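Here the structure is laid out as structure tokens; the discussion comes afterwards.
Pasting the structure below:
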């Protein structure tokens, strides 16, 4: 652990002075998490550990074992410890895009390559960058983040930011983050996040079935996934319309007028969906819709159907699925995208 920490600090410090303050907060934030970690075993042995927390830690441990044994995900010390950060999110991620582009602004980092967001351990720091980017005329979206993966460089702990989530969603998060340790392609966030999302959704279904979850629990999860799919489909359709619009010969003013129409239509369609929770409806308010928000959605969901098709073609054999996904991951970016498109033909 210490060796990895020193390697990370060295890599960050060699990245240049222009973003040194950002790297400083990143190192400090990661160190804080490291310092706060307590082994699950010691917490379960401690009579002062609240019963509810102990119950959730046992459930999380069962999920981790399932992830390793049934989903063939990495078996290491991740999620064998717990840290209480005394806040609701571990990070705040800032996404940005030009007002007439669907492509996310990229930030590049040592060890992981380029991604379409900038993460901060303090909400006020994320807000400062958001203000700066908006002043530059960019569309910006800021999202609280409950967890993230260090890709095996560090021991990722369970956090208070998600430990009390309903069990299906706790399982989904742990499976998603462990999937990043299974496969991560540098400079391709869409591939990485869609892969992890597909693995997580497949894993949750298997987890619920293996544990003989009540039909209502399985049905509730399936309905939530379906509702989310409906929203994602509408968002990706709108993003496609904007892509065509931005590539047209219209003036910028004309493009902005049509953009407003498309986003208003998206808001209306989402608002009319049945069974939409108040929280979900609030998160999709019109003022939160822009190129950056749609870009973030595409990053996490655009390629999920292709990976689910690959799981199907692998007859549910996760080792075979991972082998095929890694084979695609070794292709060039254009070849990789084409291979995933062909899966759906």
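In our numbering, the protein residues as written are -7 to 337.
Ideal Cβ positions, reconstructed from N, Cα and C, are used throughout, including at glycine.
Treat the numbers as computed from the prediction; the structure is a model and nothing was measured.
Exercise for review: Please say whether residue 210 and residue 172 have beta carbons closer to each other than 8 Å?
Suggested key: Position 180 of the chain shown holds residue 172. Position 218 of the chain shown holds residue 210. Not closer than 8 Å, so no.
Review point. So who's on the other strand from residue 31, going by DSSP bridges?
Key: Sequence index remark: in the chain shown, residue 31 carries index 39 (1-based). Its beta-bridge partners are 73.
Review point. For the putative contact between residue 58 and residue 149, defined by C-beta atoms under 8 Å, what is the C-beta separation to the nearest angstrom?
Key: Locating residue 58 in the chain shown gives position 66, counting from the first residue. Locating residue 149 in the chain shown gives position 157, counting from the first residue. Rounded, the Cβ-Cβ distance is 18 Å, inconsistent with contact.
Check your understanding: Do the CB positions of residue 258 and residue 302 come within less than 8 Å of each other?
Key -> Within the chain shown, numbered from 1, the residue matching residue 258 stands at position 266. Within the chain shown, numbered from 1, the residue matching residue 302 stands at position 310. Contact: no.
Review point. For residue 313, which of 43, 207, 299, 322 has the nearest alpha-carbon?
Key: Here residue 313 refers to the residue found at position 321 when the chain shown is read from its first residue. It is 299.
Check your understanding: Can you tell which of 124, 321, 184, 17 has its C-alpha closest to the C-alpha of residue 290?
Key -> Start at 1 with the first residue of the chain shown, and residue 290 comes out as number 298. Here the closest residue by C-alpha is 184.
Check your understanding: Near residue 255, what residues of its chain come up, given a Cβ to Cβ distance below 8 Å and the 5 sequence neighbours on each side ignored?
Key -> If you number the chain shown from 1, residue 255 lands on position 263. Counting only Cβ-Cβ distances below 8 Å, and skipping sequence neighbours, we find 230, 278, 281, 282.
Practice item. Pick out whichever of 135, 18, 276, 192 has its Cα sitting closest to the Cα of residue 80. Key: Within the chain shown, numbered from 1, the residue matching residue 80 stands at position 88. Checked all of 135, 18, 276, 192; the closest Cα to residue 80 is 135.
Practice item. Determine, using beta-carbon pairs with one atom in the segment 46 to 60 and one in the segment 149 to 162, whether at least three such pairs fall under 8 Å. Key: yes
**Study point:** Residue interval of the alpha helix (DSSP H) (run including residue 42)
**Key:** To locate residue 42, count along the chain shown from 1; it is residue 50. Residue 42 -> no alpha helix (DSSP H), and no H or E assigned at all.
Check your understanding: By the 10 Å Cβ neighbour count, where 16 or more other Cβ atoms means buried, how is residue 111 classified, buried or exposed?
Key -> Numbered from 1 along the chain shown, position 119 holds the residue referred to as residue 111. Its Cβ being crowded by 16 or more others within 10 Å, residue 111 is buried.
**Study point:** Top-ranked residue by Cα proximity to residue 113, from 21, 215, 193
**Key:** Position 121 of the chain shown, counted from the start, is the residue given in the question as residue 113. Answer by Cα proximity: 21.
Review point. Taking the runs of the alpha helix (DSSP H) that are 4 residues or longer, which of them lie wholly in the segment 119 to 204?
Key: 159 to 174, 181 to 202
**Study point:** Enclosing alpha helix (DSSP H) for residue 249 [first to last residue]
**Key:** Within the chain shown, numbered from 1, the residue matching residue 249 stands at position 257. Counting along the chain, the alpha helix (DSSP H) containing residue 249 begins and ends at 244 to 263.
**Study point:** Rounded C-alpha distance that separates residue 284 from residue 47
**Key:** Sequence index remark: in the chain shown, residue 284 carries index 292 (1-based). Sequence index remark: in the chain shown, residue 47 carries index 55 (1-based). One C-alpha to the other measures close to 38 Å.
Review point. Just reading off the alpha helix (DSSP H) that residue 86 is part of, what are its end residues?
Key: The sequence position of residue 86 within the chain shown is 94, counting from 1. Run containing residue 86: none in the alpha helix (DSSP H); it sits in the beta strand (DSSP E), 83 to 89.
Exercise for review: Specify the secondary structure class of residue 108 as computed by DSSP and reduced to three states.
Suggested key: As a first step, residue 108 is located in the chain shown; it is residue number 116 there, counting from the start. Residue 108: coil per DSSP, three-state reduction.
Check your understanding: Cβ atoms of residue 317 and residue 323: under 8 Å apart, would you say?
Key -> Translated into the one-based positions of the chain shown, residue 323 becomes position 331. Translated into the one-based positions of the chain shown, residue 317 becomes position 325. Not closer than 8 Å, so no.
Exercise for review: Compare the Cα-Cα distances from residue 27 to each of 333, 200, 77 and report the closest residue.
Suggested key: As a working note, residue 27 is residue 35 in the chain shown. The option with the nearest alpha carbon to residue 27 is 77.
Review point. Using the beta-carbon count (16 or more within 10 Å), is residue 152 buried or exposed?
Key: Translated into positions along the chain shown, residue 152 becomes position 160. Result: buried.
Practice item. Put residue 14 into one of helix, strand or coil per three-state DSSP. Key: If you number the chain shown from 1, residue 14 lands on position 22. If DSSP states are grouped into helix, strand and coil, residue 14 belongs with the helices.
Review point. To which residues does DSSP link residue 101 through a beta bridge?
Key: For this step, residue 101 is matched to residue 109 along the chain shown. Beta-bridge pairing links residue 101 to 105.
Check your understanding: Could you give the C-beta distance for residue 64 and residue 311, rounded to a whole number, given that I count them as a contact under 8 Å?
Key -> Walking along the chain shown from the start, residue 64 turns up at place 72. Walking along the chain shown from the start, residue 311 turns up at place 319. Indeed they touch by this definition, with Cβ atoms about 5 Å apart.
**Study point:** Burial state of residue 8, where buried means 16 or more other Cβ atoms lie within 10 Å
**Key:** Here the question's residue 8 lines up with position 16 in the chain shown. Here residue 8 scores only 43 on pLDDT, less than 50, and its place in the model should not be relied on; the value that follows carries that caveat. Burial call: exposed.
Exercise for review: Grab me the residues of residue 267's own chain with a C-beta within less than 8 Å of its C-beta, minus the 5 sequence neighbours each way, in chain order.
Suggested key: Walking along the chain shown from the start, residue 267 turns up at place 275. 215, 219, listed in sequence order.
Review point. Can you pull the DSSP bridge partners for residue 96?
Key: In the chain shown, the residue the question calls residue 96 occupies position 104. DSSP, once it has assigned bridges, lists 89 as partnering residue 96.
Review point. Around the Cβ of residue 236, are there at least 16 other Cβ atoms within 10 angstroms (buried) or fewer (exposed)?
Key: Start at 1 with the first residue of the chain shown, and residue 236 comes out as number 244. Per the 10 Å Cβ criterion, exposed.
Practice item. Give every residue of the same chain whose Cβ lies closer than 6 Å to the Cβ of residue 276, excluding the five residues on either side of it in the sequence, and list them in chain order. Key: Sequence index remark: in the chain shown, residue 276 carries index 284 (1-based). Same-chain partners within the cutoff: 262.
Exercise for review: Quick one: using the 10 Å Cβ neighbour count with 16 as the cut-off for buried, is residue 2 buried or exposed?
Suggested key: The sequence position of residue 2 within the chain shown is 10, counting from 1. Confidence is the limiting factor: at residue 2 the pLDDT is only 41, short of 50, which leaves the residue's position unreliable, though a coordinate-based value still follows. The residue in question, residue 2, is exposed, as its Cβ has fewer than 16 Cβ neighbours within 10 Å.
Exercise for review: Under the assumption that residue 133 contacts residue 87 (Cβ atoms under 8 Å), give the Cβ distance between them as a whole number of angstroms.
Suggested key: As a working note, residue 133 is residue 141 in the chain shown. As a working note, residue 87 is residue 95 in the chain shown. Contact flag correct, Cβ pair sits at about 5 Å.
Point to revise | Contacts around residue -3, its chain only, beta-carbon distance under 6 Å, and the 5 residues preceding and following it disregarded | key: Residue numbering aside, residue -3 sits at position 5 when the chain shown is read from its first letter. Note on residue -3: pLDDT 39, under 50, position unreliable in the model; no value is reported.
Practice item. Starting from the C-beta of residue 85, find all residues in its chain whose C-beta is less than 6 Å away, skip the five residues before and the five after it, and write them out in chain order. Key: Residue numbering aside, residue 85 sits at position 93 when the chain shown is read from its first letter. Cβ neighbours of residue 85 beyond the five flanking positions: 109, 111, 135, 137.
Exercise for review: Determine the DSSP secondary structure at residue 222, reduced to helix, strand or coil.
Suggested key: Position 230 of the chain shown, counted from the start, is the residue given in the question as residue 222. DSSP places residue 222 in helix when its eight states are reduced to three.
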